[in-house]
Amino acid sequence: MTPTPLKDRAAIVGIGQTEFAKHLEPSEKALACRAIAMALDDAGIAAHEVDAFAAYTMEATDEVEIAKAVGAGDVTFFSRVGFGGGGSCATIGHLAMAIATGQASVGVAWRSRKRGSGPRPWTDTVNQLATPAQWTRPFGLLRPVDEIAVLARRYMHEYGLTREQLGAVAIACRNRANANPAAIMYDRPLTMDDYLNARMISDPLCLFDNCLETDGALAVVMVSAERARDCRQPPVHVHAFGQGLPAQHHGMVNYWNDDPLAGPSWIAAKHLWKHSDFGPADVDVAQIYDAFTPLIPLSLEGYGFCGKGEGGAFADDGGLELGGRLPINTSGGGLSEAYVHGFNLINEGVRQLRGTSTNQVAGASTCLVTAGEAVPTSAVLLRRD
Amino acid sequence: MLKPLVDDDGAPYFEYAAKGELRMQTCANCGEVLFPPRPMCPRCQSTEFEWKLMSGRGHVWSFAVPRPPLLPDYAAFAPYPVVVVELEEDRRLRLVGNLVASEDAGAGLEAQLASVDPATIEIGQPVRAVFRQIEGLFVAAWTPDE
């Protein structure tokens, strides 16, 4: 058997998050510090013990500023992961590797974003035309939703994905948010009629196919599995980790592969399952990156929960609801809890395995968390003892 | 409108487009045709290239129809279709572009972005390249090929 030194060697022992809202007063830096302080408090670990950081390259505040503000000690490992929402789970994976190999002992990963009240990244016309955007944006594919709409229409054409199936994805996330007081869509139910009659944003995708613009920050604290036994919270182990950047892939406009509908999740999944004691059938609950609804059926296929082209049908008949074949995004996800670049999916995965979710899956002992499909991505399989 | 960025790798595309020719970067060593352009052939690692003339014929691979919120220049003509065209020569050569009603659809943004009713577009429909200007740069656009 292939040696797998990462398996269950590191654990998440603390989580923290600020309020989620369309507009929060504090800066991104201040929100990040608050989330990290809450995660350290949750873990019962002093800030001066922190010696590792991992974040997204799109994070506006760097680890130097964060370490100085929260009171970290001497830092021996720091890592940045690119490609926007593809980086979420990689921050956890990089810290797990650092802890497993002795490069660090207490790691913090975080994401802070004021996307609700700040400018949309796609309106930055000065810096947006690097390859491959120079071949797409001038023609009017201006926003991430436009890039995904092209893939979604092709998916509909090749495999019969329907708008009702995408609606079922949006509604599953909304139903979970309706039971989660922290979610932006806590008290706002969504019906299939609402979905089908919503205004189009980039046909074939409508308003409810899009994630929420949110201000907020989240953080996790990680230590070795040995130390985790003595922490305040039950440990949530990082059982397996994978990243994926397919051959000949191009950013989020993956139109130049042999098969653009087999995206980065296929590569991350292959690695993840190879290094795991579990397979897709053993996953009790999943948090699947959902900046846009089509990413969920594409990811369900990539991670092996169903066959190619079957992701839409998987969502039918309540497949993604509590009690369905695979309950997903149990806090509401990016579509209905908050869009903080997927980091809220990590915290919810931890809550599921602690047994403290507002939509608890009874007896959940394994949770897959994924990062953005269509961009170079990452995933972690979390488990509890 | 956003002007395409002309970098070292892609510059010949725009030079040929200005002459009304759709040419693709082609490895001078192994013949691999590449899009988007890049500094090295991923098949043989050669850095020598030719620019091969394409037939200009292809099929609509997929399309989106963006609506606001959009950048103001684009919002003025929304909803407009943006097509991805698969070239006849190689299905992996897919170009994002605009569909125009005919070769003489006229100049200006409206002709570029919104001269074709999105409801009439079908995946798989044959199209052929015509050349349009964006901010002084020539690029391939597409028109239905009867």
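Taken in order, these protein sequences are the chains called E and S. First residue of the first sequence: 968, per our numbering; consecutive thereafter. First residue of the second sequence: -12, per our numbering; consecutive thereafter. Cβ atoms here follow ideal geometry from the backbone N, Cα and C, with glycine treated the same way.
Residue i: contacting residues in chain E (beta-carbon distance under 8 Å)
i: K39(S); result: Going along chain E, no residue has its Cβ under 8 Å from K39(S), so there is no contact; the nearest lies around 17 Å.
i: P66(S); result: M1167, D1170
i: W48(S); result: R1121, Y1222
i: G123(S); result: None at all; the shortest Cβ gap to chain E is about 12 Å.
i: R54(S); result: R1166, M1167, I1168, S1169, D1170
i: V20(S); result: Simply none; closest approach about 11 Å.
Span separating the alpha-carbon of residue i from that of residue j
i: P1247(E); j: C1334(E); result: 10 Å
i: F1259(E); j: R1121(E); result: 15 Å
i: R158(S); j: S1055(E); result: Here chain S comprises residues numbered -12 to 133, so residue 158(S) is not present and cannot be evaluated.
i: I1234(E); j: I1255(E); result: 15 Å
i: M1219(E); j: D1197(E); result: 42 Å
i: P1201(E); j: A1195(E); result: 8 Å
i: F50(S); j: F1(S); result: 23 Å
i: A1372(E); j: A1039(E); result: Because chain E spans 968 through 1352 in this model, residue 1372(E) falls outside it and cannot be assessed.
i: V117(S); j: E133(S); result: 14 Å
i: K6(S); j: V20(S); result: 20 Å
i: T1092(E); j: S89(S); result: 30 Å
i: M1123(E); j: V1250(E); result: 27 Å
i: S1072(E); j: L973(E); result: 14 Å
i: A4(S); j: W129(S); result: 13 Å
i: P1213(E); j: A1229(E); result: 9 Å
i: P1293(E); j: A1034(E); result: Note that residue 1293(E) is Leu in the sequence shown, not Pro. Near 38 Å, if we compare the C-alpha coordinates of A1034(E) and L1293(E).
i: R79(S); j: W1223(E); result: 5 Å
i: Y1153(E); j: P113(S); result: 47 Å
i: E1180(E); j: G1083(E); result: 4 Å
i: E1304(E); j: H1238(E); result: 29 Å
i: D1225(E); j: S1298(E); result: 35 Å
i: D1176(E); j: V1205(E); result: 30 Å
i: G1279(E); j: V71(S); result: 23 Å
i: W38(S); j: D(-6)(S); result: 15 Å
i: K1081(E); j: D1182(E); result: 4 Å
i: F1272(E); j: Y67(S); result: 36 Å
i: A988(E); j: I1151(E); result: 7 Å
i: G1285(E); j: P1088(E); result: 34 Å
Cross-chain neighbours of residue i in chain S, by beta carbon under 8 Å
i: V1075(E); result: Near V1075(E) there are no residues of chain S at all, since even the closest Cβ is about 35 Å away, more than 8 Å.
i: H990(E); result: By Cβ distance, chain S contributes nothing, its closest Cβ being about 17 Å from H990(E), past 8 Å.
Contact list for residue i against chain E, beta-carbon separation under 7 Å
i: A51(S); result: L1108, D1113, A1116, V1117, R1120, S1169, D1170
i: G43(S); result: Correct list: empty, because the minimum Cβ distance to chain E is about 17 Å.
i: V71(S); result: V1117, Y1222
Neighbouring residues, chain E, relative to residue i (Cβ below 9 Å)
i: Y61(S); result: G1107, L1109
i: P136(S); result: With chain S represented from -12 up to 133, any question about residue 136(S) goes unanswered, as that position is not in the structure.
i: L100(S); result: F1106, G1107
i: G(-3)(S); result: T1098, Q1101, W1102
i: V114(S); result: The premise fails here: V114(S) is roughly 14 Å from chain E at the closest Cβ pair, so nothing lies under 9 Å.
i: V87(S); result: Per Cβ cutoff of 9 Å: no residues; V87(S) is ~12 Å from chain E at best.
Under 9 Å by beta carbon: chain S residues contacting residue i
i: T1092(E); result: L(-11), L58
i: Q1215(E); result: P29, R79
i: L1096(E); result: L(-11), K(-10), P(-9), L(-8)
*Taking 8 Å as the threshold, find out whether the region 978 to 996 of chain E comes into contact with the region 1185 to 1197 of chain E through three or more Cβ pairs.*
yes
_Contact residues within the region 1058 to 1069 of chain E, judged by C-beta distance below 8 Å to chain S_ = none
_Interface residues of the region 1163 to 1177 of chain E facing chain S [CB-CB below 9 Å]_ = R1166, M1167, I1168, S1169, D1170, P1171, L1172
*Segments assigned alpha helix (DSSP H), at least 4 residues, entirely inside the region 1120 to 1174 of chain E*: 1130 to 1144, 1159 to 1163
*What are the complete beta strand (DSSP E) segments, minimum 3 residues, inside the region 1046 to 1100 of chain E?*
1074 to 1081
*asked:* Which runs of the beta strand (DSSP E) at least 3 residues long sit entirely within the region 1211 to 1263 of chain E? Give them in chain order.
replied: 1252 to 1254
*Which runs of the alpha helix (DSSP H), 4 residues or longer, sit entirely within the region 996 to 1054 of chain E?*
1030 to 1037
*Taking 8 Å as the threshold, find out whether the region 74 to 89 of chain S comes into contact with the region 40 to 49 of chain S through three or more Cβ pairs.*
yes
*Between the region 1321 to 1331 of chain E and the region 1013 to 1033 of chain E, are three or more C-beta pairs nearer than 8 Å?*
no
*Which residues, taken in chain order from the region -2 to 17 of chain S, show a beta carbon closer than 8 Å to some beta carbon of chain E?*
none
*Ignoring anything shorter than 4 residues or poking outside the region 1253 to 1332 of chain E, list the alpha helix (DSSP H) runs there in chain order.*
1262 to 1269, 1278 to 1282, 1300 to 1303, 1310 to 1321
*Within 7 Å of chain S by C-beta, residues of the region 1119 to 1146 of chain E in sequence order*: R1120, R1121, H1124
*asked:* Using a Cβ distance threshold of 8 Å, determine whether the region 1153 to 1164 of chain E contacts the region 1308 to 1316 of chain E, with at least three qualifying pairs required.
replied: no
*When the Cβ atoms of the region 1016 to 1032 of chain E are set against those of the region 1064 to 1081 of chain E, are three or more pairs found closer than 8 Å?*
yes
_Across the region 1130 to 1138 of chain E and the region 28 to 40 of chain S, are there enough close Cβ pairs to call them in contact, namely three or more that are closer than 8 Å?_
no
*Every unbroken beta strand (DSSP E) inside the region 29 to 110 of chain S [3 residues or more]*: 36 to 40, 44 to 53, 69 to 74, 81 to 84
*Quick check: the region 1045 to 1065 of chain E against the region 1333 to 1351 of chain E, are there 3 or more CB pairs under 8 Å?*
yes
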